[in-house]
Amino acid sequence: MTLKKYRYLDVTIMTVLAIVVDVVSYLVTSYMLKQNFENVYIAPSIVVIIFIYVRWGKIGVISNFLMLMIQFILYRNQIFSTTWFAIAFSVGYLSLASTLIWNRKQKNNILRSNLKTLILYYFVPYSIMVISEIGISYVLGFKGTATSFIIRHIINFILCLVIVVIAKVQKNFMVDMYGYLEKLQKEKDE
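One rule links them: number in my numbering = place in the sequence shown (from 1) + 14.
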């Protein structure tokens with residue numbers, strides 16, 4: 015299998031996984047919380063998108079954008095309640111691309127390091143997403159407090175954090191795939 019086909023297959027599987035976990039999370043949450051559902055946001059796809067960026071870099075933008083469309087469908091009543099929130103949510107969700115700020119060497123060092131550093135690697139893009147949502151909301155006319163955004167994301171952040179810890183335990187999952195596959199090829203050639 016060529017690298018291109020492998021990348022396509024891997025990104026497709028992870029994107030489908032992101033869709034499935036978000037749909038299941040949405041259905042379970044909406045079933046459990048028939049009232050006050052608009053204050054809850056459970057989207058494990060956020061961490062899956064970060065994983066795709068970690069594994070394949072810029073190609074993750076495609077999955078990120080596709081998952082934004084899925085979020086629009088699932089959480090349409092929340093997201094489209096106001097124009098400012100739809101814009102703020104979109105920019106916030108797409109800001110997960112901030113994972114790309116680390117170059118390949120920095121990223122590999124982070125991924126090989128201890129769990130605390132890896133949690134920080136997850137925390138930074140998630141925080142940028144929430145701060146973007148809050149900042150743009152205020153610029154566009156939001157009159158409430160930032161606390162409402164933070165509360166909305168707390169459960170999801172913790173759930174995704176658990177997924178990060180589980181992923182860290184899995185050998186060769188949270189790796190830059192280009193470097194990992196090059197290393198495997200060199201070992202195979204020797």
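Here a beta-carbon is modelled for each residue, glycine too, at the ideal position from N, C-alpha and C.
Being a predicted model, the structure only gives us computed values, none of them experimental.
Chain-order list of residues whose beta-carbon lies under 8 Å from that of residue i (same chain, five-residue window excluded)
{"i": "ASP288", "result": "The shown model of the chain, from 15 to 204, leaves out residue 288, and the question about it has no answer."}
{"i": "VAL54", "result": "THR43, LEU47, ARG166, ILE169"}
{"i": "ILE101", "result": "ILE150, LEU154"}
{"i": "PHE79", "result": "LEU108"}
{"i": "LEU31", "result": "VAL62"}
{"i": "TYR194", "result": "ASN186"}
Length of the line joining the Cα atoms of residue i and residue j
{"i": "MET81", "j": "GLN199", "result": "32 Å"}
{"i": "VAL183", "j": "ILE177", "result": "10 Å"}
{"i": "VAL14", "j": "LEU110", "result": "Residue 14 lies beyond the stretch modelled for the chain, which goes from 15 to 204, so this question has no answer here."}
{"i": "SER146", "j": "GLU204", "result": "48 Å"}
{"i": "ILE135", "j": "LYS202", "result": "In the sequence as presented, Ile is not what sits at residue 135; that position holds Tyr. So the two alpha carbons sit approximately 31 Å from each other."}
{"i": "LEU114", "j": "VAL35", "result": "24 Å"}
{"i": "GLY106", "j": "LYS130", "result": "24 Å"}
{"i": "MET188", "j": "THR96", "result": "37 Å"}
{"i": "TYR45", "j": "PHE171", "result": "21 Å"}
{"i": "VAL138", "j": "LYS19", "result": "31 Å"}
{"i": "SER77", "j": "GLY158", "result": "31 Å"}
{"i": "PHE94", "j": "THR26", "result": "28 Å"}
Other residues of its chain near residue i: CB distance less than 6 Å, five sequence neighbours each side excluded
{"i": "TYR40", "result": "LEU88"}
{"i": "ILE33", "result": "ILE84"}
{"i": "ILE60", "result": "CYS174"}
{"i": "HIS167", "result": "VAL144"}
{"i": "ILE148", "result": "ALA160, PHE163"}
{"i": "GLU196", "result": "none"}
{"i": "TRP116", "result": "none"}
Cut-off 7 Å between Cβ atoms - residues of its own chain near residue i, not counting five sequence neighbours on either side
{"i": "TRP98", "result": "SER151, LEU154, GLY155, PHE156"}
{"i": "ILE142", "result": "SER109, SER112"}
{"i": "VAL75", "result": "ALA111"}
{"i": "SER104", "result": "LEU82"}
{"i": "PHE86", "result": "ILE93"}
Limits of the unbroken alpha helix (DSSP H) element including residue i
{"i": "VAL54", "result": "Where VAL54 is concerned, there is no enclosing alpha helix (DSSP H), given that its DSSP letter is neither H nor E."}
{"i": "TRP98", "result": "97-108"}
{"i": "GLU196", "result": "191-203"}
{"i": "LYS182", "result": "160-183"}
{"i": "LEU132", "result": "129-153"}
Rounded Cβ spacing between residue i and residue j (contact assumed at less than 8 Å)
{"i": "MET28", "j": "ILE66", "result": "5 Å"}
{"i": "ILE73", "j": "ARG21", "result": "7 Å"}
Residue i beta carbon near the ligand NAD (any heavy atom closer than 7 Å)
{"i": "ALA160", "result": "The ligand NAD is absent from the structure shown, which contains no ligand whatsoever."}
Which full runs of the alpha helix (DSSP H) of 4+ residues lie inside the segment 23-89, going along the chain?
59-70, 74-88
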